[in-house]
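A.B. asks: Residue numbers (the numbering used here): 9 to 338.
Note that beta-carbon positions come from the ideal geometry of N, C-alpha and C, so glycine has one too.
Pasting in a structure now, in structure tokens, and then I'll have a few things to ask.
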Ligand code: F6P
């Protein structure tokens, strides 16, 4: 069993609610095991530029309930180069870091895997932190549950005004490459149609939803669209609404793009607990000589998934849920 004196922790990529809870858990679980912790600021950029801050027990007090990340985050281009990673490694060593915990999504893990490969004497483990829930090898990512609840809260409000005006709302939610947020939130708000990147939904199919008389006689309709759904790159959700409007001029259509509000806010209880479990799991994994792995959760059990697998494999959306949404929106 490895005995570390000092480890680093950083957050990278898009922030996600619950990252602070994960930082707290890593810090306290490490200190509990006699290991000092250093926070690396601004993700990998902080490693390259030598931006560090010591994290003691009280430095992570009062953050479990906060959105964002106290360590800040960034998408760092320099870390994509071998020279950048070499600089990061040297700075980490100079700071006395013997291992690193990275919290982020697939971009974060891609960098971590390369760093690990080039410097096998510097173990790195990752925690899945992204609202997209698109990491293979874990049922849930930190931040997904909160983002879902944020979407549901916002769309419920939209439903109120949609119903008052008898309008059709097309709501765009996040998910550049994955439809997890759209699919689950769509079911939770009772959407009439859900468009996700994983499934080609030809426009004709969407039209057939709208042609369904019972739907058109409803007081209001909601279509939930993931930002990466088919056709979104060619004009986005506004273009889609325009097209629907041309075909159904009698419909009163409005568009709402929820955007970055989905990444903010206090983490849900689920995300706080998940982040706490995974944070401790990362420290234990390092002490157990693990490296180049993501610590995830599957069927309520902590799992270790090699970065390679977490990055290369595509996590599938549950298509039964899409069918369910269709059945329930008759
Ligand atoms: O990966 C998380 C995510 O929120 C995606 O859903 C979204 O497409 C992207 O980040 C937006 O990134 P940025 O904040 O860099 O615009």
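#1: Name the DSSP beta bridge partners of residue 109, please?
#2: Can you grab the Cα-Cα spacing for the pair residue 329 / residue 193, in whole Å?
#3: Ordered along the chain, which non-local residues of its own chain (more than five positions away) have a Cβ less than 8 Å from that of residue 16?
#4: Determine the direct distance from the alpha carbon of residue 251 to that of residue 233, and round the result to whole angstroms.
#5: Look at residue 179 and residue 190 and say whether their C-beta atoms are less than 7 Å apart.
#6: Just verifying my parser: in three-state terms, what is the DSSP assignment at residue 34?
#7: For residue 139 versus residue 155, is the C-beta distance shorter than 7 Å?
#8: Which residue comes first and which comes last in the alpha helix (DSSP H) that contains residue 172?
#9: Between 96, 255, 275, which lies nearest to residue 157 when the distance is taken from Cα to Cα?
#10: Fully enclosed by the segment 52-80, which beta strand (DSSP E) runs are 3 residues long or longer?
#11: Are the segment 242-251 and the segment 70-90 touching, with three or more C-beta to C-beta distances below 8 Å?
#12: Tell me which residue opens and which closes the alpha helix (DSSP H) that residue 194 is part of.
#13: Could you have a look at residue 302 and say whether DSSP puts it in helix, strand or coil?
#14: Name the two residues that bound the continuous beta strand (DSSP E) containing residue 101.
#15: Looking only at its chain, what residues have a beta carbon closer than 7 Å to the beta carbon of residue 97, apart from the 5 residues adjacent to it on each side?
#16: Round the Cβ separation of residue 313 and residue 304 to the nearest angstrom and send it over; I've been treating them as touching at under 8 Å.
#17: With a threshold of 6 Å (Cβ to nearest heavy atom), would residue 340 be considered close to ligand 1?
#18: Taking the alpha carbon of residue 51 as the point to measure from, which residue in 37, 68, 18 has its own alpha carbon closest?
#19: Spell out whether any CB of chain B is found under 7 Å from the CB atom of residue 182.
#20: How far does the alpha helix (DSSP H) with residue 245 in it reach, from first residue to last?
#21: Going by DSSP, what residue range makes up the alpha helix (DSSP H) through residue 332?
#22: What's the C-alpha gap between residue 245 and residue 263?
#23: Would you kindly work out how many angstroms separate the C-alpha atoms of residue 196 and residue 163, rounded to a whole number?
C.D. replies: A quick look at the data gives this:
#1: Walking along the chain shown from the start, residue 109 turns up at place 101. 17, 133, per the DSSP bridge assignment.
#2: Position 321 of the chain shown, counted from the start, is the residue given in the question as residue 329. Position 185 of the chain shown, counted from the start, is the residue given in the question as residue 193. Cα-Cα distance, rounded: 11 Å.
#3: Taking the chain shown and counting its residues from 1, one reaches residue 16 at position 8. Result list for residue 16: 45, 46, 47, 48, 55, 60, 100, 103, 105, 107, 108, 109, in chain order.
#4: Position 225 of the chain shown, counting from 1, holds the residue named residue 233. Position 243 of the chain shown, counting from 1, holds the residue named residue 251. The straight-line gap from Cα to Cα measures roughly 15 Å.
#5: Taking the first residue of the chain shown as position 1, residue 179 is located at position 171. Taking the first residue of the chain shown as position 1, residue 190 is located at position 182. Going by C-beta atoms, residue 179 is not nearer than 7 Å to residue 190.
#6: If you number the chain shown from 1, residue 34 lands on position 26. Looking at residue 34 - three-state DSSP - the assignment turns out to be helix.
#7: The residue given as residue 139 occupies position 131 in the chain shown. The residue given as residue 155 occupies position 147 in the chain shown. Result yes, Cβ atoms of residue 139 and residue 155 sit closer than 7 Å.
#8: Along the chain shown, read from residue 1 onward, the residue named residue 172 stands at position 164. Run containing residue 172: 152-173, per the alpha helix (DSSP H) assignment.
#9: Numbered from its first residue, the chain shown carries residue 157 at position 149. Ranking 96, 255, 275 by Cα distance to residue 157 puts 275 first.
#10: 60-63
#11: no
#12: As a working mapping, residue 194 is identified with position 186 in the chain shown. Where residue 194 is concerned, the enclosing alpha helix (DSSP H) stretches over 188-197.
#13: Counting from one through the chain shown, the residue named residue 302 turns up at place 294. Strand, per DSSP.
#14: The residue labelled residue 101 in the question sits at position 93 within the chain shown. Looking at the DSSP string, residue 101 is not in any beta strand (DSSP E); the run it does join, the alpha helix (DSSP H), is 90-102.
#15: As a working mapping, residue 97 is identified with position 89 in the chain shown. So the list reads 123, 127, 130, once near-sequence residues are dropped.
#16: Mapped onto the chain shown, residue 313 falls at position 305. Mapped onto the chain shown, residue 304 falls at position 296. Confirmed, about 6 Å.
#17: This structure cannot speak to residue 340, because the chain is shown only from 9 to 338.
#18: Taking the first residue of the chain shown as 1, we reach residue 51 at position 43. Closest by alpha carbon: 18.
#19: As a matter of chain content, chain B is missing from the structure shown, which is built from one protein chain.
#20: By one-based count along the chain shown, residue 245 stands at place 237. Looking at the DSSP string, the run of the alpha helix (DSSP H) that includes residue 245 is 244-255.
#21: On the chain shown, residue 332 is found 324 positions in, with the first residue counted as 1. Per DSSP, residue 332 belongs to the alpha helix (DSSP H) from 327-336.
#22: Mapped onto the chain shown, residue 245 falls at position 237. Mapped onto the chain shown, residue 263 falls at position 255. Approximately 7 Å between the Cα atoms of the pair.
#23: By 1-based counting over the chain shown, the position of residue 196 is 188. By 1-based counting over the chain shown, the position of residue 163 is 155. Roughly 10 Å separates the two Cα atoms.
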